[in-house]
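Student: For the sequence shown, position 49 matches number 122 in the numbering used here, and the numbering has no gaps at all.
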Amino acid sequence: MKHFIVTVYTAGGRYRGSGIARSSFELEQAAAEQFGAEARRIVVRPAHA
74 MKHFIVTVYT AGGRYRGSGI ARSSFELEQA AAEQFGAEAR RIVVRPAHA
């Protein structure tokens with residue numbers, strides 16, 4: 074499991090958070106499910122970078 078920083082850009086602003094997952098794809102999918110069509114862009118990067 075790895076730590077990631079997740080940033081979700083929407084028309085209303087930017088939301089940042091962190092998460093632990095096996096891959097960045099898992100967190101990207103979770104953010105897409107949570108924000109739905111509201112999400113304009115989802116950026117997932119390693120927390121240690």
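Ideal Cβ positions, reconstructed from N, Cα and C, are used throughout, including at glycine. Model, not experiment: these values are computed from the prediction.
Can the beta-carbon of I115 be found less than 7 Å from the beta-carbon of E99?
Tutor: Not closer than 7 Å, so no.
Student: Enumerate in chain order the residues of its own chain whose CB-to-CB distance from E111 is below 8 Å, with the five nearest sequence positions on each side excluded.
Tutor: Excluding positions up to five away in sequence, the list reads T83, A84 and G85.
Student: Going by DSSP, what residue range makes up the beta strand (DSSP E) through A94?
Tutor: Element bounds for A94: G86 to A94.
Student: Could you check whether the Cβ of A105 sits closer than 7 Å to any Cβ belonging to chain C?
Tutor: Of the protein chains in this structure there is only one, and it is not chain C.
Student: Measure the alpha-carbon distance for R113 versus R95 and round it to whole angstroms.
Tutor: For R113 and R95, the distance between alpha carbons rounds to 24 Å.
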